[in-house]
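Numbering of the sequence shown is given in full-length UniProt numbering, commencing with residue 1 and proceeding in unit increments.
In what follows, a single structure is set out as structure tokens and then discussed.
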Amino acid sequence: MSIVTVQLGQCGNQIGHEMFSVLCSDIRGTHGLCSKKENESYQDSCKERFFCQEESGVPVARAVLVDMEPKVISQTLSMAARSGHWKYNSHSHFCQKQGSGNNWANGYSVHGPRHKEAIMNLVQKEAEKCDRLGGFFTIMSMAGGTGSGLGAFVTQCLRDAFPTSFILNHVIWPYGTGEVIVQNYNSVLTLSHLYHSSDALLVHENDVIHKICAQLMNIKQISFRDVNQVIAHQLGSVFQPTHTAGGGSGYSRNPLGDLLEPLVPHPEFRMLGLRNIPQMPESSLPYSTFSWPGLIKHLRQILIAKAQMEEGIDWQVRPPHPGSSIPSTNKPLHFNTSIANLVILRGKDVHSVDLGSFQDPSLYTSWLSPQDAFNAWKTPRAFNKYEKSASLVSNSQFLLKPLDSIVGKAWNMFASKAYLHQYTKFGIQEEDFLDCFTTLEQVISSYTNL
Numbered sequence: 001m002s003i004v005t006v007q008l009g010q011c012g013n014q015i016g017h018e019m020f021s022v023l024c025s026d027i028r029g030t031h032g033l034c035s036k037k038e039n040e041s042y043q044d045s046c047k048e049r050f051f052c053q054e055e056s057g058v059p060v061a062r063a064v065l066v067d068m069e070p071k072v073i074s075q076t077l078s079m080a081a082r083s084g085h086w087k088y089n090s091h092s093h094f095c096q097k098q099g100s101g102n103n104w105a106n107g108y109s110v111h112g113p114r115h116k117e118a119i120m121n122l123v124q125k126e127a128e129k130c131d132r133l134g135g136f137f138t139i140m141s142m143a144g145g146t147g148s149g150l151g152a153f154v155t156q157c158l159r160d161a162f163p164t165s166f167i168l169n170h171v172i173w174p175y176g177t178g179e180v181i182v183q184n185y186n187s188v189l190t191l192s193h194l195y196h197s198s199d200a201l202l203v204h205e206n207d208v209i210h211k212i213c214a215q216l217m218n219i220k221q222i223s224f225r226d227v228n229q230v231i232a233h234q235l236g237s238v239f240q241p242t243h244t245a246g247g248g249s250g251y252s253r254n255p256l257g258d259l260l261e262p263l264v265p266h267p268e269f270r271m272l273g274l275r276n277i278p279q280m281p282e283s284s285l286p287y288s289t290f291s292w293p294g295l296i297k298h299l300r301q302i303l304i305a306k307a308q309m310e311e312g313i314d315w316q317v318r319p320p321h322p323g324s325s326i327p328s329t330n331k332p333l334h335f336n337t338s339i340a341n342l343v344i345l346r347g348k349d350v351h352s353v354d355l356g357s358f359q360d361p362s363l364y365t366s367w368l369s370p371q372d373a374f375n376a377w378k379t380p381r382a383f384n385k386y387e388k389s390a391s392l393v394s395n396s397q398f399l400l401k402p403l404d405s406i407v408g409k410a411w412n413m414f415a416s417k418a419y420l421h422q423y424t425k426f427g428i429q430e431e432d433f434l435d436c437f438t439t440l441e442q443v444i445s446s447y448t449n450l
């Protein structure tokens with residue numbers, strides 16, 4: 001099954017480009033460490049998911065690029081074409097001249113309705129090129145105007161036009177210190193609207209990725225491109241083909257469905273966090289060896305201690321004792337309760353790995369059995385030059401603190417009516433804000449009470 005990617009705004013288009021580059025360099029790589037037959041079926045499966053073949057033989061990304069200013073899209077198109085390994089369809093993009101001025105309401109209430117037909121026509125064309133459409137993957141930032149406001153509008157249009165398709169929104173959480181003065185408003189409006197139309201939100205926090213660049217990748221002067229490449233690597237580690245638990249010998253046929261059905265068992269809980277280990281500069285890889293037990297031990301502690309990466313994990317955090325029916329308010333302070341987790345393992349000896357530690361009932365909420373709450377995907381095909389690597393996609397309390405913080409900051413501004421006039425002039429009223437706060441307060445309360 002194929003996935004149509006919708007890249008929205010500057011951030012979405014830049015990350016989308018890096019993601020397709022990672023996917024393409026991974027399938028071209030000779031570091032697969034697996035049989036020729038395995039490698040060929042991996043390559044075919046990836047191409048079916050993310051690319052369509054042209055007569056010229058150059059893979060064309062199944063993507064629609066949308067921005068309200070032309071600069072980033074033209075850069076993205078030409079960078080992909082120059083690579084010689086893959087390209088975008090030259091007709092699958094939509095841009096205007098004026099931008100959204102970091103105003104969510106402008107993207108959502110003005111640009112969205114005005115350009116709906118043109119954008120949805122492009123999406124429809126991409127969808128029709130798929131032999132079997134598995135769903136949509138949108139990439140957007142929450143802080144600005146186009147990615148967030150237009151992104152929320154386009155997601156609603158996708159839901160209306162494709163009511164039975166899976167929609168996964170990849171959302172970039174803004175830096176805590178701030179890129180845009182109204183980013184907390186934009187974020188609250190984006191999240192609450194996506195909660196109503198998306199199947200799940202896969203979140204990357206800029207602050208976390210920045211730390212990974214500084215501490216793990218040893219990058220001295222961190223650029224947006226560095227951040228985007230780490231994000232793209234993590235996305236690739238989830239979306240490249242794997243064997244699912246009940247999938248028999250072939251690669252998973254329905255990547256979005258296989259991801260979302262076990263991870264989102266209840267519509268109140270749609271926030272997914274992603275962690276990937278190991279991560280290091282390419283120059284260090286030849287000198288590093290990893291064992292599966294070591295990687296699994298670290299990944300589990302990252303999960304239960306809400307760690308952001310494999311450095312600086314709090315090893316003191318332990319799950320509550322089984323059988324002690326403590327009310328959720330008395331759980332160990334920093335312990336992260338999960339609804340559902342997916343672990344993805346790539347590399348050699350992958351089928352001998354013991355994942356029993358992730359099936360410990362004390363990691364999960366009481367209303368799902370660990371058998372349902374935990375899934376594992378594996379492939380002996382290594383990913384992106386890493387001999388062994390492990391990813392975790394988690395529906396847990398990972399995002400509770402950042403969500404609580406962003407809603408609190410937005411509420412403080414809202415209480416003093418700061419900057420509201422910039423939204424009301426585009427038709428977003430105070431009642432709309434209040435509805436959004438109510439939606440997110442409910443999400444916070446649900447995750448808090450796990």
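Cβ atoms here follow ideal geometry from the backbone N, Cα and C, with glycine treated the same way.
The model shown is predicted, which means the values in this text are computed figures rather than measured ones.
Quiz item: For ILE212, which residues of its own chain have a beta-carbon under 7 Å away from its beta-carbon, when the five flanking residues on both sides are left out?
Solution: VAL230, GLN279, MET309
Self-check item: Complete alpha helix (DSSP H) runs within the region 175-225 (minimum length 4 residues, chain order)
Solution: The qualifying runs are 183-197, 206-211.
Quiz item: Quick one: what does DSSP say GLY144 is sitting in, helix, strand or coil?
Solution: coil
Quiz item: Going by beta carbon distance, what residues of the same chain come within less than 7 Å of VAL264, once the five residues before and after it are set aside?
Solution: ASP199, ALA200, ARG270, ASN395, listed in sequence order.
Practice problem: Specify, as a first and last residue, the run of the beta strand (DSSP E) that VAL60 falls within. | Solution: 59-61
Quiz item: In terms of residues, what are the limits of the beta strand (DSSP E) holding VAL393?
Solution: 388-396
Quiz item: Can you tell me whether DSSP reads VAL230 as helix, strand or coil?
Solution: helix
Exercise. Sort CYS130, PHE414, MET140, SER35 by Cα distance to GLN7 and report the nearest one.
Key: MET140
Quiz item: Counting Cβ pairs, one atom from each stretch, are 3 or more of them under 8 Å apart for the region 338-352 and the region 365-383?
Solution: yes
Practice problem: Select from LYS425, GLU55, LEU403, ASN449 the residue whose C-alpha is nearest the C-alpha of CYS436. | Solution: LEU403
Quiz item: Per DSSP, what kind of secondary structure is PHE358 in: helix, strand or coil?
Solution: helix
Practice problem: Specify, as a first and last residue, the run of the beta strand (DSSP E) that THR379 falls within. | Solution: For THR379, the enclosing beta strand (DSSP E) begins and ends at 374-379.
Self-check item: Within 8 Å, strictly: CB atoms of ARG300 and SER357
Solution: yes
Quiz item: Are SER338 and LEU295 closer than 8 Å when you measure CB to CB?
Solution: no
Exercise. Enumerate, from N- to C-terminal direction, the unbroken alpha helix (DSSP H) stretches of 4 or more residues contained entirely within the region 9-58.
Key: 9-28, 36-50
Quiz item: Where DSSP assigns a beta bridge to LEU342, which residues make up the other side?
Solution: BP columns for LEU342 point to ASN375, VAL393.
Quiz item: For the candidate residues GLU261, GLY427, LEU260, LEU168, whose alpha-carbon lies nearest to that of SER197?
Solution: LEU168
Quiz prompt | C-beta contact flag for ALA118 and PHE94 at 8 Å | solution = Less than 8 Å divides the Cβ of ALA118 from the Cβ of PHE94.
Exercise. Assuming GLU268 and SER83 form a contact by the criterion Cβ under 8 Å, report the distance between their Cβ atoms to the nearest whole angstrom.
Key: 42 Å between Cβ atoms; not a contact.
Quiz item: Near ASN89, which residues of its chain fall below 7 Å by C-beta distance, leaving aside the five closest residues on each side in sequence?
Solution: VAL60
Practice problem: Just the C-alpha distance for residue 469 and ASN103, rounded to the nearest angstrom, thanks. | Solution: Shown here, the chain extends from 1 to 450; a query on residue 469 therefore has no answer.
Quiz item: Quick one: Cα of GLU282 to Cα of THR244, how far?
Solution: Answer to the nearest angstrom: the Cα atoms are 29 Å apart.
Exercise. On a CA-only basis, which of GLY101, SER391, ALA376, LEU194 is nearest VAL238? Give me that one, please.
Key: Of the candidates GLY101, SER391, ALA376, LEU194, the one whose C-alpha sits nearest the C-alpha of VAL238 is SER391.
Quiz item: What is the rounded straight-line gap between the Cα of TRP86 and the Cα of ALA232?
Solution: 16 Å
Quiz item: What residues in its chain sit with their C-beta under 6 Å from that of VAL64, if we drop five residues either side in the sequence?
Solution: VAL6, SER92, LEU122, VAL123, GLU126
Practice problem: Return the first residue and the last residue of the alpha helix (DSSP H) that HIS115 is part of. | Solution: 112-129
Exercise. Spell out the partners DSSP gives ASN169 in its beta bridges.
Key: THR138, LEU201
Quiz item: Among ILE15, GLU261, ASP372, PRO255, which has the Cα closest to the Cα of VAL66?
Solution: ILE15
Quiz item: Would a C-beta distance cut-off of 8 Å place VAL393 and LEU259 closer than the cut-off?
Solution: yes
Practice problem: Note the first and the last residue of the continuous alpha helix (DSSP H) segment covering LEU403. | Solution: 400-415
Quiz item: If you draw a straight line from the C-alpha of SER328 to the C-alpha of HIS210, how long is it?
Solution: Any reading at SER328 needs caution, since the residue's pLDDT is 48, under 50, leaving its predicted position unreliable; the model's value is listed next. Cα atoms of SER328 and HIS210: separation of roughly 32 Å, rounded to the nearest angstrom.
Self-check item: Same chain only: Cβ atoms within 8 Å of GLY236, ignoring 5 sequence neighbours per side
Solution: Result list for GLY236: MET19, VAL22, LEU23, ASP26, PHE383, ASN384, in chain order.
Quiz item: If we call anything under 8 Å between Cβ atoms a contact, is LEU158 one with PHE137?
Solution: Not a contact, by the Cβ cut-off of 8 Å.
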